[in-house]
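What follows is a short report on a single structure.
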Amino acid sequence: MSINTVSTTPFSDQKPGTSGLRKAVTVFQQPNYLENFVQSIFNSLEDCQGKTIVLGGDGRYYNRQAIQIILKMAAANGIGKVLVGKGGILSTPAASAVIRQYQAFGGIVLSASHNPGGKDGDFGIKYNITNGGPAPEKITEAIFSCSKTITNYKIFETNDIDLDKLSILRIGEMAVEVIDPVEPYAKLMETLFDFAKIRQLLQGNFKMCVDSMHAVTGTYAKEIFENRLGAQPGTVMNGVPLEDFGGGHPDPNLVYAHDLVDILFGDNAPDFGAASDGDGDRNMILGNNFFVTPSDSLAVLTANATLVPGYKSGLTGVARSMPTSAAADRVAAKLGINCYETPTGWKFFGNLLDADKATLCGEESFGTGSNHIREKDGLWAVLFWLNILAVTGKSVEEILTDHWQTYGRNFYSRHDYEEVAKEPAMELMDRLRGISKELPGQKFGSYTVDYADDFSYTDPIDGSVSNKQGIRIGFTDGSRIVFRLSGTGTKGATLRVYLESYESDVSKHKVETQTALKPLIEMAEEIAKIYQYTQRKEPTVIT
Ligand code: G1P
Ligand code: ZN
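FYI, in this note's numbering the residues of the sequence shown are 365 to 907.
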């Protein structure tokens, strides 16, 4: 066993995006590609010598190989100890929980989240800091900058270690502890939610269905819902994690979680359905023939938080990403707490959570979470909903209908144009940026533009500024259209168009969402000339 210093040359495309470095598996399989990025992480970290880090991933193709490489590089770079999930598995929320519980220095999480997996799919890697959350831009920039000048990396020459037995091993001076990936997370959930009440609910007439989409939460959901909460065996569907997610696209939305959607919108539908994504941080909530938008879900959790043991003393504040609807803002106003509007990406919530300015956070992209960890958390959201249903005895639809009656309804939808050509998509955005100054005051049908800007955020804690976070066009009646390009896609560009309108009149709350938003959908085309720039008449995904 010896440390090898291997010469290498930089790759120019290792800039982390919205959530770490995400590329096709074949890109990561190029000689030195993963190694360069991992060495850049170690080079950019100060004082990591002798420290403990956490390592695990969502089990997708290349997870196991990458774990072995990273372990050997960690040993060669002087890391003291690595806590690695058995089988190389840790869901993103579990990794965050383990970093916090063990007070580790940081963690390396291997995942491309909801992107498809397998040989032809995607892979990803991101670094999380001591608070358990994604590294802020200052750190991802430093990693990128190291990646541009790297000349060599260090790796221990040794055999692969056995990841499938709970044990403590050594690579050189470094300890490797193979830990149970589920136990620390399940224990944390038991401290937040009323498991006894939820068990009562699940053992009565209440029927539910959880779709793990053949991804990492299969293992977690079976243990929590079936073993600990006594749900019927088989409650967790697609519960065996597979390296290629069974060929599916593990994104919990109405398009990709179709197995679950068919059941919840079919005959004799269960009372409750939920799905989660590749690495377990996203969630979709459904009732019997009913879809809860993630923006509404955040608002409902905020309004009902005190019914749940972990949040019974109230919330300090709530935070949502800019494109997320303003439904939570209305609840916050009523509760007399602050609602923060941040750029897209969970990393922007970290400072607010650390400073205790926000307790709950959410994104329209099926992400909800709280200060219990520093990542969004799919199964946590499911448990939160079950706890509310158990306490109130209401159905999902009743909860939403009552909520809209109290606060009004924010109709909301996101239209994605996936894999469009990059250059014209960027031109579309540049053009919008250019015309945004002239838009205020302009009329489109019965709508008048109130404001138009490119969202910029100043972090209230550390003062850091993030510019160019998406074009917002607000109308005088409170409606809004937002345009941004995805920072997680790996092929071409993905244009996201976010549409929102507010309706206080209860008699109009049952209108179908796309119908309610039709005037805004048409205006989005008129203002942004989507067809001209993307050659697409329709979005590829509507959520
Ligand atoms: C997408 C979502 C964003 C989320 C991120 C990681 O990023 O829109 O809300 O935080 O995935 O799950 P985007 O592709 O839009 O940059
Ligand atoms: Zn994810």
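Ideal Cβ placement from N, Cα and C applies to all residues, glycine included.
If you check the beta carbons only, do Ile-417 and Ile-472 fall under 8 Å apart?
Yes, these two residues count as a Cβ contact at 8 Å.
Measuring CA to CA, which of Asp-631, Phe-775 and Glu-782 is closest to Thr-879?
Per the Cα distances, Phe-775.
Going by the C-beta, is Thr-708 closer than 7 Å to any heavy atom of ligand 1?
Result yes, Cβ under 7 Å from ligand 1.
Can you find a heavy atom of ligand 1 that lies under 7 Å from the Cβ of Thr-599?
Thr-599 Cβ: outside cutoff for every heavy atom of ligand 1.
Please go through the same chain and pick out, in chain order, the residues whose beta-carbon is closer than 6 Å to the beta-carbon of Thr-898, but skip the five residues on each side of it.
So the qualifying residues of the chain are Tyr-781 and Val-784.
Taking the continuous alpha helix (DSSP H) assigned at His-622, which residues delimit it?
Taken as a continuous stretch (DSSP letters only), the alpha helix (DSSP H) holding His-622 covers 622-628.
Let me confirm a value: Glu-547 is counted as buried when at least 16 other C-beta atoms fall within 10 Å, else exposed. Which label applies?
Classification for Glu-547: exposed.
Opposite Lys-518 in the DSSP bridges: which residues?
Answer is Thr-369, bridged to Lys-518.
Which runs of the alpha helix (DSSP H), 4 residues or longer, sit entirely within the region 547-581?
For the region 547-581, whole alpha helix (DSSP H) runs of length 4 or above, ordered along the chain, are 547-556 and 559-567.
Cβ of His-478 within 7 Å of any heavy atom in ligand 2?
True, at least one ligand heavy atom lies under 7 Å from that Cβ.
DSSP beta-bridge partners for Arg-386?
According to DSSP, which records beta bridges pairwise, Arg-386 is partnered with Gly-488.
Does the beta-carbon of Thr-822 have 16 or more other beta-carbons within 10 angstroms, so that it is buried, or is it exposed?
Exposed: under 16 other Cβ atoms inside 10 Å.
Kindly confirm or deny that the region 552-568 and the region 663-677 touch, where touching means at least three C-beta pairs closer than 8 Å.
Counting Cβ pairs under 8 Å, three or more are found: they touch.
If we call anything under 8 Å between Cβ atoms a contact, is Glu-739 one with Arg-684?
Contact: no.
Of the choices Lys-436, Gly-444, Ile-431 and Leu-474, whose alpha-carbon is the least far from that of Glu-421?
Before going further, note that residue 421 is Gly rather than Glu in the sequence given. Closest option to Gly-421, Cα to Cα, is Leu-474.
Verify whether the separation of the beta carbon atoms of Pro-480 and His-578 is less than 8 Å.
Cβ distance not < 8 Å, so Pro-480 and His-578 don't count as in contact.
Taking all protein chains shown into account, do 16 or more other C-beta atoms lie within 10 angstroms of the C-beta of Ala-697, making it buried, or fewer, making it exposed?
It is exposed - the Cβ of Ala-697 has fewer than 16 other Cβ atoms within 10 Å.
Nearest CA to the CA of Ala-439: which residue from Asp-528, Leu-533 and Leu-803?
Comparing Cα-Cα distances from Ala-439 to each of Asp-528, Leu-533 and Leu-803, the minimum goes to Leu-533.
Do Met-686 and Phe-839 count as a contact pair if the criterion is CB distance below 8 Å?
The answer is no: Cβ separation not under 8 Å.
Using the rule of at least 16 other Cβ atoms within 10 Å of the residue's Cβ for burial, across every protein chain shown, is Gln-467 buried or exposed?
Exposed, by the Cβ-count rule.
Could you check which residue in Ile-543, Phe-508, Thr-599 and Gly-610 has the C-alpha nearest to that of Tyr-425?
Of Ile-543, Phe-508, Thr-599 and Gly-610, the residue nearest in Cα terms is Gly-610.
Going by the C-beta, is Arg-646 closer than 7 Å to any heavy atom of ligand 2?
Yes; taking the cut-off as 7 Å, the Cβ of Arg-646 has a heavy atom of ligand 2 nearer than that.
Decide yes or no for the touch test of the region 616-630 against the region 581-599: beta carbon pairs closer than 8 Å, at least 3 of them.
With the cut-off at 8 Å, the region 616-630 and the region 581-599 do not touch.
Can we say the region 733-752 touches the region 637-656, given the rule of at least three CB pairs closer than 8 Å?
Touching, yes, given that three or more Cβ pairs across the two stretches are closer than 8 Å.
Would the C-beta of Arg-738 count as close to ligand 3, meaning under 7 Å from any of its heavy atoms?
Ligands in the displayed structure: ligand 1 and ligand 2; ligand 3 is not one of them.
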